[in-house]
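Asker: In the working numbering, the protein residues as written are 86 to 569.
Where is the CB? At the ideal position from N, CA and C, for every residue including glycine.
Keep in mind the model is a prediction, meaning the values are calculated, not measured.
1) Can you name, in chain order, every residue of its own chain whose Cβ lies under 6 Å from the Cβ of residue 241, other than the five neighbours on each side?
2) For residue 334, which residues in the same chain have their Cβ closer than 8 Å to its Cβ, ignoring the five residues on either side in sequence?
3) Cα-Cα, which of 345, 375, 352, 142 is closest to residue 363?
4) Along the chain, where does the alpha helix (DSSP H) containing residue 214 start, and where does it finish?
5) Looking at the structure shown, is residue 477 part of a helix, part of a strand, or coil, going by DSSP?
6) From residue 308 to residue 375, what does the alpha carbon distance come to, in whole angstroms?
7) Just the C-alpha distance for residue 128 and residue 227, rounded to the nearest angstrom, thanks.
8) Counting C-beta neighbours from all protein chains within 10 Å, is the total for residue 469 16 or more, i.e. buried, or is it exposed?
9) Run through DSSP, which three-state label would residue 364 get?
10) For residue 324, which beta-bridge partners are listed by DSSP?
11) Could you tell me the distance, in whole angstroms, from the CA atom of residue 393 to the CA atom of residue 402?
12) Quick check on residue 567: buried or exposed, where buried means 16 or more other Cβ atoms within 10 Å of its Cβ?
13) Quick one, are the C-beta atoms of residue 300 and residue 269 less than 8 Å apart?
14) Which of helix, strand or coil does DSSP assign to residue 300?
15) Could you compute how far the alpha carbon of residue 407 sits from the alpha carbon of residue 255?
16) Tell me the start and end of each unbroken beta strand (DSSP E) in the segment 385-420 that is at least 3 residues and wholly inside, in chain order.
17) Does residue 131 pass the burial test, meaning 16 or more other C-beta atoms within 10 Å, or should it be called exposed?
18) If contacts are defined as beta-carbon pairs under 8 Å, then residue 314 and residue 295 qualify, I think. What distance do you get, rounded to the angstrom?
19) Would you decide whether residue 435 is buried or exposed? Buried here means 16 or more other CB atoms lie within 10 Å of its CB.
20) Cα separation between residue 361 and residue 325?
21) Determine the direct distance from the alpha carbon of residue 493 to that of residue 510, and round the result to whole angstroms.
22) Can the beta-carbon of residue 447 be found less than 8 Å from the beta-carbon of residue 482?
23) Buried or exposed: which applies to residue 473, given that a residue is buried once 16 or more other Cβ atoms fall within 10 Å of its Cβ?
24) Return the CA-CA distance between residue 342 and residue 321, expressed in angstroms with no decimal places.
25) Determine whether the beta carbon atoms of residue 317 and residue 336 lie at a separation below 8 Å.
26) Measuring CA to CA, which of 259, 137, 449, 462 is closest to residue 282?
27) Specify, as a first and last residue, the run of the beta strand (DSSP E) that residue 287 falls within.
28) Per DSSP, what kind of secondary structure is residue 557 in: helix, strand or coil?
29) Span of the beta strand (DSSP E) holding residue 158?
30) Since residue 455 and residue 499 should fall inside the 8 Å C-beta cutoff, what is the C-beta to C-beta distance between them, to a whole number of angstroms?
31) Buried or exposed for residue 423, please, with buried defined as at least 16 other CB atoms from any protein chain shown within 10 angstroms of its CB.
32) Three or more C-beta pairs under 8 Å: does that hold for the segment 172-181 against the segment 194-212?
33) Return the first residue and the last residue of the beta strand (DSSP E) that residue 462 is part of.
34) Going along the chain, which unbroken runs of the alpha helix (DSSP H) with 4 or more residues stay wholly within the segment 190-278?
35) Could you check whether residue 298 and residue 192 sit closer than 8 Å to each other, using their CB atoms as the reference points?
36) Assuming residue 134 and residue 194 make a contact with CB atoms under 8 Å, what is their CB distance in whole Å?
See below:
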(Lines of atoms letter the chains of each structure in order from A and count residues from 1; the text may use other names and numbers.)
(Lines give C-alpha, C1' and ligand atoms only; values in the text may rest on other atoms or scores of the structure.)
Protein backbone atom coordinates (compact mmCIF):
# COMPACT_ATOMS: atom_id res chain seq x y z
CA UNK A 1 0.00 0.00 0.00
CA UNK A 2 1.29 3.45 -0.86
CA UNK A 3 1.87 5.74 2.16
CA UNK A 4 1.47 9.52 2.06
CA UNK A 5 4.46 11.71 3.19
CA UNK A 6 2.45 14.92 3.77
CA UNK A 7 2.31 14.78 7.60
CA UNK A 8 6.10 14.63 7.80
CA UNK A 9 6.43 17.54 5.38
CA UNK A 10 4.02 19.60 7.47
CA UNK A 11 6.01 18.88 10.65
CA UNK A 12 9.21 19.98 8.97
CA UNK A 13 7.60 23.25 7.90
CA UNK A 14 6.33 23.92 11.45
CA UNK A 15 9.79 23.34 12.96
CA UNK A 16 11.46 25.57 10.38
CA UNK A 17 8.95 28.36 10.96
CA UNK A 18 9.44 28.11 14.73
CA UNK A 19 13.23 28.34 14.44
CA UNK A 20 12.96 31.27 12.05
CA UNK A 21 10.59 33.07 14.39
CA UNK A 22 13.04 32.59 17.25
CA UNK A 23 15.82 34.15 15.19
CA UNK A 24 13.59 37.14 14.49
CA UNK A 25 13.22 37.97 18.19
CA UNK A 26 10.09 36.14 18.91
CA UNK A 27 11.80 34.48 21.92
CA UNK A 28 11.99 35.85 25.50
CA UNK A 29 13.45 39.45 25.81
CA UNK A 30 16.16 40.55 28.37
CA UNK A 31 15.46 42.88 31.36
CA UNK A 32 14.59 46.42 30.42
CA UNK A 33 16.99 49.25 31.47
CA UNK A 34 16.23 52.85 32.37
CA UNK A 35 17.71 56.36 32.49
CA UNK A 36 18.60 58.24 35.69
CA UNK A 37 18.96 62.03 35.79
CA UNK A 38 20.75 63.44 38.87
CA UNK A 39 20.58 67.11 39.88
CA UNK A 40 22.95 68.42 42.59
CA UNK A 41 22.26 71.77 44.26
CA UNK A 42 23.60 73.86 47.11
CA UNK A 43 21.14 73.43 49.97
CA UNK A 44 21.77 77.00 51.13
CA UNK A 45 20.63 78.74 47.94
CA UNK A 46 19.27 76.08 45.57
CA UNK A 47 21.97 76.94 43.04
CA UNK A 48 23.32 74.05 40.92
CA UNK A 49 26.71 72.79 42.07
CA UNK A 50 28.53 72.86 38.75
CA UNK A 51 31.57 70.58 38.89
CA UNK A 52 30.22 68.30 41.62
CA UNK A 53 30.94 64.61 41.13
CA UNK A 54 28.24 61.94 40.93
CA UNK A 55 28.98 58.22 41.25
CA UNK A 56 26.36 55.54 40.53
CA UNK A 57 26.89 51.99 41.77
CA UNK A 58 24.63 49.08 40.85
CA UNK A 59 25.49 46.17 38.60
CA UNK A 60 28.46 48.33 37.55
CA UNK A 61 30.06 51.66 38.45
CA UNK A 62 29.81 54.98 36.57
CA UNK A 63 30.96 58.52 37.40
CA UNK A 64 30.16 61.89 35.86
CA UNK A 65 30.61 65.59 36.58
CA UNK A 66 27.62 67.89 36.98
CA UNK A 67 27.14 70.13 33.91
CA UNK A 68 26.23 73.82 33.69
CA UNK A 69 22.59 72.95 34.38
CA UNK A 70 23.54 71.12 37.56
CA UNK A 71 22.72 67.70 36.08
CA UNK A 72 24.31 64.41 35.08
CA UNK A 73 22.48 61.61 33.22
CA UNK A 74 23.12 57.85 33.39
CA UNK A 75 21.52 55.25 31.10
CA UNK A 76 21.34 51.46 31.02
CA UNK A 77 20.42 51.12 34.70
CA UNK A 78 18.20 48.52 36.33
CA UNK A 79 17.39 47.30 39.79
CA UNK A 80 18.53 49.12 42.91
CA UNK A 81 21.43 51.62 42.57
CA UNK A 82 23.34 53.80 45.04
CA UNK A 83 24.03 57.41 44.05
CA UNK A 84 26.90 59.35 45.71
CA UNK A 85 27.18 63.12 45.21
CA UNK A 86 30.20 65.07 46.45
CA UNK A 87 31.73 68.50 45.99
CA UNK A 88 34.68 70.33 47.54
CA UNK A 89 33.58 72.05 50.74
CA UNK A 90 30.34 70.08 51.04
CA UNK A 91 29.32 66.98 52.98
CA UNK A 92 28.97 64.04 50.59
CA UNK A 93 25.54 62.39 50.40
CA UNK A 94 24.30 58.95 49.27
CA UNK A 95 20.75 58.10 48.13
CA UNK A 96 19.21 54.84 46.91
CA UNK A 97 17.09 54.73 43.75
CA UNK A 98 14.97 51.82 42.44
CA UNK A 99 15.37 51.76 38.67
CA UNK A 100 12.04 50.25 37.57
CA UNK A 101 11.38 53.24 35.29
CA UNK A 102 13.17 56.40 34.12
CA UNK A 103 13.98 58.38 37.26
CA UNK A 104 15.02 61.90 38.23
CA UNK A 105 16.52 62.68 41.64
CA UNK A 106 17.71 65.92 43.25
CA UNK A 107 20.47 65.77 45.87
CA UNK A 108 20.94 68.75 48.17
CA UNK A 109 24.44 69.14 49.64
CA UNK A 110 25.21 71.06 52.82
CA UNK A 111 28.52 72.72 53.63
CA UNK A 112 30.73 71.16 56.29
CA UNK A 113 31.01 72.81 59.70
CA UNK A 114 33.20 75.91 59.64
CA UNK A 115 33.23 75.78 55.83
CA UNK A 116 32.07 78.52 53.46
CA UNK A 117 31.67 77.89 49.74
CA UNK A 118 31.64 81.26 48.03
CA UNK A 119 31.09 82.65 44.56
CA UNK A 120 32.39 86.15 43.95
CA UNK A 121 34.02 88.91 45.98
CA UNK A 122 30.96 89.79 48.07
CA UNK A 123 30.49 86.27 49.41
CA UNK A 124 34.25 85.90 49.95
CA UNK A 125 34.38 89.13 51.97
CA UNK A 126 31.45 88.00 54.13
CA UNK A 127 33.15 84.67 54.83
CA UNK A 128 36.43 86.35 55.80
CA UNK A 129 34.55 88.59 58.25
CA UNK A 130 32.68 85.65 59.84
CA UNK A 131 34.83 84.41 62.74
CA UNK A 132 33.06 81.03 62.73
CA UNK A 133 34.42 80.23 59.25
CA UNK A 134 37.76 78.40 59.23
CA UNK A 135 37.83 77.22 55.61
CA UNK A 136 36.79 78.94 52.38
CA UNK A 137 36.25 77.25 49.00
CA UNK A 138 35.90 79.29 45.81
CA UNK A 139 33.26 78.39 43.22
CA UNK A 140 34.56 80.89 40.67
CA UNK A 141 37.18 83.53 39.93
CA UNK A 142 37.38 86.63 42.13
CA UNK A 143 38.12 90.07 40.61
CA UNK A 144 39.73 92.60 42.96
CA UNK A 145 39.80 96.37 42.62
CA UNK A 146 41.74 96.72 45.89
CA UNK A 147 44.04 94.25 47.69
CA UNK A 148 42.21 91.43 49.45
CA UNK A 149 42.96 91.68 53.18
CA UNK A 150 42.95 88.56 55.34
CA UNK A 151 43.26 89.51 59.01
CA UNK A 152 42.85 86.17 60.80
CA UNK A 153 43.92 82.51 60.43
CA UNK A 154 41.89 80.82 57.67
CA UNK A 155 42.39 78.17 55.00
CA UNK A 156 41.74 79.13 51.38
CA UNK A 157 40.89 76.48 48.76
CA UNK A 158 40.92 78.20 45.38
CA UNK A 159 39.40 75.06 43.84
CA UNK A 160 41.12 75.66 40.50
CA UNK A 161 40.00 79.31 40.30
CA UNK A 162 41.86 82.61 40.18
CA UNK A 163 42.07 85.61 42.50
CA UNK A 164 42.80 88.56 40.22
CA UNK A 165 44.67 91.10 42.32
CA UNK A 166 46.97 91.43 45.33
CA UNK A 167 46.42 89.51 48.57
CA UNK A 168 47.64 90.65 51.99
CA UNK A 169 47.68 88.29 54.98
CA UNK A 170 48.44 90.24 58.12
CA UNK A 171 47.48 89.39 61.71
CA UNK A 172 48.99 88.36 65.06
CA UNK A 173 46.59 85.58 66.10
CA UNK A 174 47.88 82.05 66.61
CA UNK A 175 46.86 79.45 64.05
CA UNK A 176 47.55 77.98 60.64
CA UNK A 177 47.02 79.22 57.10
CA UNK A 178 46.89 76.90 54.09
CA UNK A 179 46.57 78.23 50.55
CA UNK A 180 45.65 75.36 48.23
CA UNK A 181 43.27 73.99 45.64
CA UNK A 182 45.39 74.28 42.47
CA UNK A 183 44.33 77.86 41.86
CA UNK A 184 46.36 81.02 41.37
CA UNK A 185 46.77 84.63 42.43
CA UNK A 186 47.32 87.09 39.60
CA UNK A 187 49.20 89.67 41.62
CA UNK A 188 51.41 89.80 44.71
CA UNK A 189 51.06 87.96 48.03
CA UNK A 190 52.29 89.60 51.24
CA UNK A 191 52.35 87.71 54.55
CA UNK A 192 53.05 88.98 58.06
CA UNK A 193 51.70 86.47 60.56
CA UNK A 194 54.22 86.09 63.40
CA UNK A 195 52.13 83.52 65.28
CA UNK A 196 50.75 81.45 62.39
CA UNK A 197 52.40 78.77 60.28
CA UNK A 198 51.83 79.05 56.52
CA UNK A 199 51.67 76.36 53.84
CA UNK A 200 51.31 77.41 50.21
CA UNK A 201 50.31 75.26 47.21
CA UNK A 202 49.07 77.94 44.78
CA UNK A 203 50.82 79.79 41.96
CA UNK A 204 51.41 83.52 42.37
CA UNK A 205 52.15 85.51 39.23
CA UNK A 206 53.84 88.34 41.13
CA UNK A 207 56.02 88.13 44.23
CA UNK A 208 55.46 86.34 47.52
CA UNK A 209 56.91 88.52 50.28
CA UNK A 210 57.43 86.75 53.61
CA UNK A 211 57.89 89.09 56.56
CA UNK A 212 56.96 86.94 59.57
CA UNK A 213 55.58 83.46 60.22
CA UNK A 214 55.21 81.34 63.36
CA UNK A 215 57.84 78.81 64.37
CA UNK A 216 60.03 80.55 61.79
CA UNK A 217 58.48 78.28 59.14
CA UNK A 218 56.96 78.70 55.66
CA UNK A 219 56.25 75.55 53.62
CA UNK A 220 56.30 76.22 49.86
CA UNK A 221 54.80 73.46 47.68
CA UNK A 222 54.25 75.36 44.42
CA UNK A 223 56.98 75.00 41.79
CA UNK A 224 57.58 78.33 40.05
CA UNK A 225 56.90 81.12 42.52
CA UNK A 226 59.17 84.08 43.22
CA UNK A 227 59.77 84.38 46.96
CA UNK A 228 61.30 87.29 48.86
CA UNK A 229 62.22 86.82 52.53
CA UNK A 230 62.16 90.32 54.01
CA UNK A 231 62.03 89.39 57.70
CA UNK A 232 64.57 87.91 60.10
CA UNK A 233 64.59 84.41 61.61
CA UNK A 234 62.40 83.04 58.83
CA UNK A 235 62.68 79.37 57.97
CA UNK A 236 61.68 78.69 54.35
CA UNK A 237 61.16 75.04 53.40
CA UNK A 238 60.89 74.46 49.64
CA UNK A 239 59.19 71.19 48.70
CA UNK A 240 58.96 71.45 44.88
CA UNK A 241 61.38 74.13 43.70
CA UNK A 242 60.96 77.83 42.92
CA UNK A 243 61.60 80.35 40.17
CA UNK A 244 63.64 82.52 42.53
CA UNK A 245 64.35 83.07 46.21
CA UNK A 246 65.66 86.42 47.42
CA UNK A 247 66.97 87.19 50.91
CA UNK A 248 66.40 90.91 51.47
CA UNK A 249 68.96 93.31 52.94
CA UNK A 250 69.20 93.87 56.71
CA UNK A 251 67.82 90.45 57.66
CA UNK A 252 69.46 87.85 59.86
CA UNK A 253 68.92 84.24 60.91
CA UNK A 254 67.24 83.26 57.62
CA UNK A 255 67.34 79.54 56.80
CA UNK A 256 66.34 78.02 53.48
CA UNK A 257 65.87 74.28 53.11
CA UNK A 258 65.35 72.88 49.60
CA UNK A 259 63.90 69.38 49.82
CA UNK A 260 63.01 68.78 46.16
CA UNK A 261 62.72 70.54 42.83
CA UNK A 262 64.97 73.09 41.16
CA UNK A 263 65.52 76.69 42.28
CA UNK A 264 66.46 78.67 39.20
CA UNK A 265 67.95 81.57 41.17
CA UNK A 266 68.83 82.44 44.75
CA UNK A 267 69.90 86.00 45.57
CA UNK A 268 71.37 86.55 49.04
CA UNK A 269 71.53 90.22 50.03
CA UNK A 270 72.07 89.24 53.69
CA UNK A 271 73.65 86.31 55.48
CA UNK A 272 71.67 83.07 55.33
CA UNK A 273 72.07 79.34 55.77
CA UNK A 274 70.96 77.17 52.84
CA UNK A 275 70.67 73.39 52.74
CA UNK A 276 69.88 71.44 49.60
CA UNK A 277 71.91 74.05 47.70
CA UNK A 278 72.86 71.57 44.98
CA UNK A 279 69.39 72.23 43.51
CA UNK A 280 70.18 75.93 42.94
CA UNK A 281 71.02 76.67 39.30
CA UNK A 282 72.45 80.14 39.98
CA UNK A 283 73.35 81.74 43.31
CA UNK A 284 74.18 85.44 43.64
CA UNK A 285 75.98 86.21 46.91
CA UNK A 286 75.86 89.94 47.72
CA UNK A 287 76.61 89.80 51.45
CA UNK A 288 78.91 88.04 53.92
CA UNK A 289 77.72 85.21 56.13
CA UNK A 290 76.09 83.09 53.42
CA UNK A 291 76.49 79.35 53.96
CA UNK A 292 75.64 76.49 51.58
CA UNK A 293 75.73 72.84 52.57
CA UNK A 294 76.98 71.95 49.06
CA UNK A 295 77.92 74.17 46.15
CA UNK A 296 75.18 75.55 43.90
CA UNK A 297 75.64 74.86 40.21
CA UNK A 298 76.82 78.43 39.58
CA UNK A 299 77.96 81.10 42.06
CA UNK A 300 78.20 84.83 41.31
CA UNK A 301 78.38 88.01 43.39
CA UNK A 302 80.90 90.09 45.33
CA UNK A 303 81.20 87.79 48.35
CA UNK A 304 82.52 84.27 48.81
CA UNK A 305 80.06 81.92 50.54
CA UNK A 306 81.06 79.15 52.89
CA UNK A 307 80.61 75.67 51.40
CA UNK A 308 80.25 73.18 54.24
CA UNK A 309 80.43 69.89 52.37
CA UNK A 310 82.69 69.20 49.42
CA UNK A 311 80.94 65.96 48.60
CA UNK A 312 77.50 64.73 47.67
CA UNK A 313 75.57 63.37 50.70
CA UNK A 314 75.33 59.61 50.48
CA UNK A 315 78.38 59.24 48.25
CA UNK A 316 80.31 57.74 51.14
CA UNK A 317 78.04 54.70 51.27
CA UNK A 318 75.46 53.52 53.75
CA UNK A 319 75.72 53.17 57.50
CA UNK A 320 76.14 49.55 58.57
CA UNK A 321 73.10 48.02 60.17
CA UNK A 322 73.15 48.43 63.92
CA UNK A 323 73.34 45.15 65.79
CA UNK A 324 72.32 45.68 69.43
CA UNK A 325 74.89 44.65 72.01
CA UNK A 326 74.15 42.78 75.21
CA UNK A 327 75.55 44.40 78.32
CA UNK A 328 77.55 42.06 80.57
CA UNK A 329 76.11 41.50 84.05
CA UNK A 330 76.76 44.17 86.68
CA UNK A 331 77.83 46.84 84.16
CA UNK A 332 76.59 50.19 82.86
CA UNK A 333 77.55 52.40 79.90
CA UNK A 334 78.28 56.05 79.21
CA UNK A 335 82.04 56.59 79.64
CA UNK A 336 83.67 58.29 76.62
CA UNK A 337 86.72 60.39 75.76
CA UNK A 338 85.91 63.99 74.84
CA UNK A 339 89.43 65.36 74.27
CA UNK A 340 92.87 63.78 74.01
CA UNK A 341 95.61 66.40 73.76
CA UNK A 342 98.84 67.76 75.27
CA UNK A 343 98.38 70.57 77.75
CA UNK A 344 100.90 73.42 78.24
CA UNK A 345 103.03 72.74 81.33
CA UNK A 346 104.48 75.10 83.86
CA UNK A 347 108.14 75.83 83.25
CA UNK A 348 108.00 76.66 79.54
CA UNK A 349 107.92 73.15 78.07
CA UNK A 350 107.35 73.24 74.31
CA UNK A 351 105.80 69.76 74.20
CA UNK A 352 103.32 69.91 77.08
CA UNK A 353 101.95 66.98 79.06
CA UNK A 354 99.54 64.33 77.68
CA UNK A 355 96.03 64.96 79.02
CA UNK A 356 92.70 63.24 78.56
CA UNK A 357 89.21 64.63 79.27
CA UNK A 358 86.53 62.01 79.99
CA UNK A 359 82.79 62.47 80.32
CA UNK A 360 80.07 60.22 81.72
CA UNK A 361 76.48 60.39 83.05
CA UNK A 362 76.27 61.61 86.67
CA UNK A 363 76.05 58.79 89.22
CA UNK A 364 72.72 60.06 90.56
CA UNK A 365 71.07 58.98 87.29
CA UNK A 366 71.76 55.38 88.36
CA UNK A 367 70.98 56.00 92.04
CA UNK A 368 74.67 56.03 92.98
CA UNK A 369 76.75 58.37 95.13
CA UNK A 370 79.79 58.76 92.85
CA UNK A 371 82.47 57.06 90.76
CA UNK A 372 86.05 55.92 91.15
CA UNK A 373 88.26 55.70 88.06
CA UNK A 374 90.11 52.42 87.54
CA UNK A 375 92.85 51.37 85.12
CA UNK A 376 93.95 47.95 83.89
CA UNK A 377 97.42 47.07 85.20
CA UNK A 378 99.00 45.09 82.36
CA UNK A 379 101.64 43.67 84.68
CA UNK A 380 99.19 41.43 86.52
CA UNK A 381 95.98 41.98 84.45
CA UNK A 382 94.07 43.40 87.41
CA UNK A 383 91.99 46.57 87.80
CA UNK A 384 93.33 49.18 90.20
CA UNK A 385 92.19 52.61 91.35
CA UNK A 386 93.65 55.54 89.43
CA UNK A 387 95.08 57.76 92.15
CA UNK A 388 93.26 61.01 92.75
CA UNK A 389 90.34 60.27 90.42
CA UNK A 390 87.10 60.02 92.36
CA UNK A 391 84.08 62.21 91.74
CA UNK A 392 83.37 64.88 94.32
CA UNK A 393 79.59 64.33 94.25
CA UNK A 394 76.81 62.30 92.65
CA UNK A 395 76.38 65.13 90.12
CA UNK A 396 79.96 65.12 88.76
CA UNK A 397 80.21 64.11 85.11
CA UNK A 398 83.87 64.41 84.01
CA UNK A 399 87.53 63.70 84.77
CA UNK A 400 90.55 65.56 83.42
CA UNK A 401 94.02 64.23 84.23
CA UNK A 402 97.53 63.54 82.92
CA UNK A 403 98.67 60.07 81.88
CA UNK A 404 101.90 58.83 80.30
CA UNK A 405 101.28 55.58 78.47
CA UNK A 406 98.56 53.70 76.60
CA UNK A 407 96.02 52.82 79.26
CA UNK A 408 92.58 51.18 79.50
CA UNK A 409 90.15 52.89 81.90
CA UNK A 410 86.72 52.22 83.40
CA UNK A 411 84.46 53.62 86.14
CA UNK A 412 83.39 51.84 89.33
CA UNK A 413 80.07 52.85 90.90
CA UNK A 414 80.12 53.83 94.56
CA UNK A 415 76.94 53.47 96.63
CA UNK A 416 73.35 52.91 95.61
CA UNK A 417 71.70 49.82 94.12
CA UNK A 418 74.54 49.46 91.56
CA UNK A 419 77.38 49.71 94.08
CA UNK A 420 80.44 47.96 92.64
CA UNK A 421 79.12 47.88 89.06
CA UNK A 422 81.66 48.87 86.40
CA UNK A 423 81.31 50.87 83.18
CA UNK A 424 82.32 50.23 79.59
CA UNK A 425 86.08 50.38 78.96
CA UNK A 426 88.01 52.98 76.94
CA UNK A 427 91.63 52.71 75.81
CA UNK A 428 93.57 55.96 75.38
CA UNK A 429 96.94 56.61 73.71
CA UNK A 430 98.98 59.69 74.76
CA UNK A 431 98.78 62.33 72.03
CA UNK A 432 102.03 62.50 70.02
CA UNK A 433 101.21 66.00 68.72
CA UNK A 434 102.24 69.00 70.81
CA UNK A 435 98.97 70.87 70.46
CA UNK A 436 95.87 71.48 72.56
CA UNK A 437 92.28 72.38 71.71
CA UNK A 438 91.92 76.07 72.50
CA UNK A 439 88.28 76.28 71.40
CA UNK A 440 85.53 74.12 69.96
CA UNK A 441 81.81 74.24 69.38
CA UNK A 442 78.96 73.65 66.97
CA UNK A 443 76.74 75.63 64.62
CA UNK A 444 73.30 74.57 63.46
CA UNK A 445 69.72 73.98 64.43
CA UNK A 446 68.86 71.18 66.83
CA UNK A 447 65.49 70.73 65.08
CA UNK A 448 64.88 67.17 63.93
CA UNK A 449 64.21 67.98 60.27
CA UNK A 450 65.41 65.60 57.59
CA UNK A 451 68.23 67.29 55.70
CA UNK A 452 69.23 69.60 58.56
CA UNK A 453 72.99 70.05 58.88
CA UNK A 454 74.81 70.30 62.19
CA UNK A 455 78.36 71.71 61.88
CA UNK A 456 81.12 71.24 64.44
CA UNK A 457 84.46 73.03 64.60
CA UNK A 458 87.64 72.93 66.69
CA UNK A 459 90.76 75.10 66.94
CA UNK A 460 94.08 73.45 67.81
CA UNK A 461 96.96 75.62 69.09
CA UNK A 462 100.67 74.76 68.88
CA UNK A 463 102.24 74.80 72.34
CA UNK A 464 105.67 76.00 71.19
CA UNK A 465 104.53 78.98 69.10
CA UNK A 466 101.14 79.63 70.69
CA UNK A 467 99.51 79.94 67.26
CA UNK A 468 96.51 78.10 65.82
CA UNK A 469 96.98 75.21 63.45
CA UNK A 470 95.78 75.99 59.92
CA UNK A 471 92.28 74.53 59.27
CA UNK A 472 93.62 72.69 56.23
CA UNK A 473 95.44 70.33 58.59
CA UNK A 474 92.26 69.52 60.52
CA UNK A 475 89.98 66.64 59.59
CA UNK A 476 86.66 65.59 61.09
CA UNK A 477 84.76 62.35 61.33
CA UNK A 478 81.68 61.13 63.15
CA UNK A 479 80.98 57.79 64.76
CA UNK A 480 78.05 55.97 66.27
CA UNK A 481 78.25 55.20 69.98
CA UNK A 482 77.12 51.80 71.19
CA UNK A 483 74.71 52.57 74.04
CA UNK A 484 75.80 49.38 75.81
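Answerer: This is what the structure holds:
1) Answer for residue 241: 221, 264, listed in chain order.
2) Closer than 8 Å at the Cβ level, and outside the excluded window around residue 334, lie 354, 355, 372.
3) Closest option to residue 363, Cα to Cα, is 345.
4) Per DSSP, the continuous alpha helix (DSSP H) segment holding residue 214 begins and ends at 206-214.
5) Residue state, collapsed to three classes: coil.
6) Rounded to whole angstroms, the gap between the alpha carbons of residue 308 and residue 375 is 24 Å.
7) Rounded to the nearest angstrom, the two C-alpha atoms are 22 Å apart.
8) Residue 469 counts as exposed, since fewer than 16 other C-beta atoms from the protein chains shown sit within 10 angstroms of its C-beta.
9) Three-state DSSP puts residue 364 in a helix.
10) Bridge partners of residue 324: none, in fact.
11) Approximately 19 Å, taken between the alpha carbons.
12) Looking at its Cβ environment, which holds fewer than 16 other Cβ atoms inside 10 Å, residue 567 is exposed.
13) Cβ atoms of residue 300 and residue 269: not closer than 8 Å.
14) If DSSP states are grouped into helix, strand and coil, residue 300 belongs with the helices.
15) Whole-angstrom Cα-Cα distance: 49 Å.
16) Segments of the beta strand (DSSP E) lying fully in the segment 385-420: there are none.
17) With fewer than 16 other Cβ atoms within 10 Å, it is exposed.
18) Here residue 314 really is in contact with residue 295; their C-beta atoms are around 5 Å apart, less than 8 Å.
19) Residue 435 is exposed by the Cβ-count criterion.
20) Looking at the two C-alpha atoms, the distance is approximately 12 Å.
21) Distance between the alpha carbons of residue 510 and residue 493 is about 7 Å.
22) Yes, they are a contact pair.
23) Residue 473 should be labelled exposed.
24) Residue 342 and residue 321 have their C-alpha atoms spaced approximately 6 Å apart.
25) Against a cut-off of 8 Å, the Cβ pair of residue 336 and residue 317 comes out as a contact.
26) Measuring C-alpha to C-alpha distances from residue 282 to each of 259, 137, 449, 462 identifies 259 as the nearest.
27) Following the DSSP letters along the chain, one finds residue 287 in no beta strand (DSSP E), marked with neither H nor E.
28) For residue 557, the secondary structure class from DSSP, reduced to helix, strand or coil, is helix.
29) Per DSSP, residue 158 belongs to the beta strand (DSSP E) from 156-162.
30) At roughly 5 Å, the Cβ-Cβ gap stays under 8 Å, so residue 455 and residue 499 are in contact.
31) Per the 10 Å Cβ criterion, exposed.
32) Because the criterion of three Cβ pairs below 8 Å is met, the segment 172-181 and the segment 194-212 touch.
33) Taken as a continuous stretch (DSSP letters only), the beta strand (DSSP E) holding residue 462 covers 455-462.
34) Within the segment 190-278, the complete alpha helix (DSSP H) segments of 4 residues or longer fall at 206-214, listed in chain order.
35) Against a cut-off of 8 Å, the Cβ pair of residue 298 and residue 192 comes out as no contact.
36) About 6 Å separates the two Cβ atoms, so the contact holds.
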